[in-house]
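Here the protein sequences line up with chains A and B, keeping their order. Under my numbering, the first residue of the first sequence carries the number 15, and numbering increases by one thereafter. Under my numbering, the first residue of the second sequence carries the number 29, and numbering increases by one thereafter. This report refers to the structure that appears directly beneath it.
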Amino acid sequence: MHEMMVAQSLMAIISNEAAKHDAKPVVARISCGMLNSINDEALCFAFEAIAKDTLYEDLKFQIEHKPIRARCETCKVEFEIELSRPECPCGSEKFELLADAPLILEEIDFQTD
Amino acid sequence: MEKVDIGKRILRENEKYAFENIMFLAERKKLCLNMISSPGSGKTTILTRTIDELKGKLRIGVIEGDIQTDLDAERIRATEAPVVQINTEGACHLSAPQISAALKRLPVEDLDLIFIENVGNLVCPSAFELGESGKIVVLSVAEGDDKPAKYPAIFAKSKVLLINKIDLLDGGHVDFDIERAKADARRLNKAIEILPISAKTGEGMGNWYDRLEKWVKNSRL
Ligand SMILES: Nc1nc2c(ncn2[C@@H]2O[C@H](COP(=O)(O)OP(=O)(O)OP(=O)(O)O)[C@@H](O)[C@H]2O)c(=O)[nH]1
Ligand SMILES: [Mg+2]
Ligand SMILES: [Zn+2]
Numbered sequence: 015m016h017e018m019m020v021a022q023s024l025m026a027i028i029s030n031e032a033a034k035h036d037a038k039p040v041v042a043r044i045s046c047g048m049l050n051s052i053n054d055e056a057l058c059f060a061f062e063a064i065a066k067d068t069l070y071e072d073l074k075f076q077i078e079h080k081p082i083r084a085r086c087e088t089c090k091v092e093f094e095i096e097l098s099r100p101e102c103p104c105g106s107e108k109f110e111l112l113a114d115a116p117l118i119l120e121e122i123d124f125q126t127d
Numbered sequence: 029m030e031k032v033d034i035g036k037r038i039l040r041e042n043e044k045y046a047f048e049n050i051m052f053l054a055e056r057k058k059l060c061l062n063m064i065s066s067p068g069s070g071k072t073t074i075l076t077r078t079i080d081e082l083k084g085k086l087r088i089g090v091i092e093g094d095i096q097t098d099l100d101a102e103r104i105r106a107t108e109a110p111v112v113q114i115n116t117e118g119a120c121h122l123s124a125p126q127i128s129a130a131l132k133r134l135p136v137e138d139l140d141l142i143f144i145e146n147v148g149n150l151v152c153p154s155a156f157e158l159g160e161s162g163k164i165v166v167l168s169v170a171e172g173d174d175k176p177a178k179y180p181a182i183f184a185k186s187k188v189l190l191i192n193k194i195d196l197l198d199g200g201h202v203d204f205d206i207e208r209a210k211a212d213a214r215r216l217n218k219a220i221e222i223l224p225i226s227a228k229t230g231e232g233m234g235n236w237y238d239r240l241e242k243w244v245k246n247s248r249l
């Protein structure tokens, strides 16, 4: 459940942005690489727990998991890798994992009425 | 509805401290290794044996992460190595600010090598950079040879994989295909060094000590 600390960091950034824009955030879009091991349900659950009875309790998350990319040493092609079946489309098992995407708060939708 | 572009790294607070820790260690040319495994794989046993057997060769200090107790810190203290205890109070991983505070409580100048024993968990600790020089993942044979395939993140990020409790393989008490575990780990991480050991009998520990001594030497350059 490292999602709890992620939720706390998110709350800090979101409340700061809400103050800057003087508006209520409704949707937050997040992206992360697979190696961040983020579980959507666990993250939403953790956020709900800390956002209860605040301006943010109805905030919805949209979480995009970016696939890990790898470069094949046999055919030199870059491809999206599935960790459950780590091989290049060419069949080769010789490849190098490329850097995993960090956890990013990409966008917030604010209420405008 | 107004859409606003944010583009901020969510763990930037942790990353900021991790970077401070990197600088702190680099200025002093100290090696710091973050040890990660499931509960009970043998992290503390490996550490106490390593400290005892490298006495007079490497001066080792330990940062002990534990959810609640100080049992592991006590075991380290019995070796007379300096140890700082961090209670995470429920959290399943250590974070960089905790390491930053702990480093200030260790006699770092008098040490060659600092080990961090992370909280027993194969998933969460791998998502938090601490500013360490490298991650060491420990997998014991009783856990099964499918763990690199099932928990890829930590194997993809570690410099060394210690396959512990190989003494259990002898009597045929556990089915663990070392070659399969090695192949799966290497598929995720070509550069990972894999050392089969038994912290109980001492088998294979010599290779681990050689690795550590070489690493410490390189970090002094
Ligand atoms: N047979 C055998 N037992 C071992 C070996 N290494 C550790 N153990 C035993 O495994 C158990 C757990 O060891 P610990 O060193 O406490 O494991 P840990 O990873 O520090 O555990 P946590 O800190 O709770 O996550 C103890 O009973 C050890 O004696 C080994 O190489 N062989
Ligand atoms: Mg322990
Ligand atoms: Zn290929």
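Built from N, CA and C at the ideal position, the CB exists for glycine as well.
Taking the C-beta atoms as reference points, residue 192(B) is found nearer than 8 Å to residue 225(B). In chain order, 226, 228 and 229 place their CB closer than 6 Å to the CB of residue 195(B), counting only its own chain and leaving out the 5 sequence neighbours on each side.
Within the model, the alpha-carbon separation for residue 17(A) versus residue 176(B) is close to 22 Å. Contact annotation: in the segment 120–147 of chain B, residues whose CB is within less than 7 Å of a CB in chain A are 120, 121 and 123.
Judged by DSSP in its simplified three-state form, residue 220(B) adopts coil rather than helix or strand.
The shortest C-alpha to C-alpha distance from residue 125(A) to any of 73(A), 44(A) and 20(A) is the one to 73(A).
A straight line joining the alpha-carbon of residue 55(A) with that of residue 206(B) spans about 34 Å. By the criterion of a C-beta distance shorter than 7 Å, residue 160(B) is surrounded in its chain by 60, 61, 62 and 144, once the five residues flanking it on both sides are discounted. Contact check for residue 91(B) against residue 142(B) passes: the beta carbons are separated by less than 8 Å.
Any Cβ of chain B closer than 8 Å to the Cβ of residue 29(A) would place that residue at the interface, and such an atom is absent. When distances are taken from the beta-carbon of residue 71(B) to the heavy atoms of ligand 2, the shortest one is below 7 Å. The segment 79–93 of chain A and the segment 45–53 of chain A touch, with three or more beta-carbon pairs separated by less than 8 Å. In the three-state scheme derived from DSSP, where H, G and I count as helix and E and B as strand, residue 23(A) is classed as helix. DSSP, reduced to helix, strand and coil, places residue 91(A) outside both helices and strands of the structure shown, so it counts as coil.
Beta-bridge annotation (DSSP): residue 115(B) is paired with 94(B).
Of the heavy atoms belonging to ligand 1, none sits nearer than 7 Å to the Cβ of residue 203(B).
An exposed status is given to residue 88(A), since fewer than 16 other beta-carbon atoms sit within 10 Å of its beta-carbon.
For residue 57(A), not one C-beta of chain B is nearer than 8 Å to its own C-beta.
Taking 7 Å as the cut-off, the C-beta of residue 228(B) counts as close to a heavy atom of ligand 1. Under DSSP, the beta-bridge partners assigned to residue 79(A) are 46(A). Residue-level contact by beta carbon holds for residue 39(B) and chain A, with a gap shorter than 8 Å. Residues of chain B whose Cβ lies closer than 8 Å to the Cβ of residue 37(A) are, in chain order, 30. Annotation for residue 198(B) indicates a beta carbon at 7 Å or more from all heavy atoms of ligand 1.
With three or more CB-CB distances shorter than 8 Å, the segment 49–56 of chain B counts as touching the segment 123–132 of chain B. Contact with chain B is found for residue 16(A), since one of that chain's Cβ atoms lies less than 8 Å from the residue's Cβ. Within chain B, not a single residue places a beta-carbon under 7 Å from that of residue 106(A); the smallest gap is close to 11 Å.
Approximately 6 Å separates the beta-carbon atoms of residue 103(B) and residue 76(B); this is inside 8 Å, confirming the contact.
Contact annotation for residue 180(B) against chain A: 97 [CB-CB distance below 7 Å, chain order]. Residue 82(B) places its beta carbon 8 Å or farther from that of residue 179(B). For a Cβ distance threshold of 8 Å, residue set 49 and 51 of chain A lies close to residue 154(B), ordered along the chain. Residue 145(B) has its Cβ nearer than 7 Å to a heavy atom of ligand 2.
If you look at residue 178(B), you'll find it in the alpha helix (DSSP H) that goes 175–178. If you look at residue 55(B), you'll find it isn't in any beta strand (DSSP E); it sits in the alpha helix (DSSP H) that goes 40–56.
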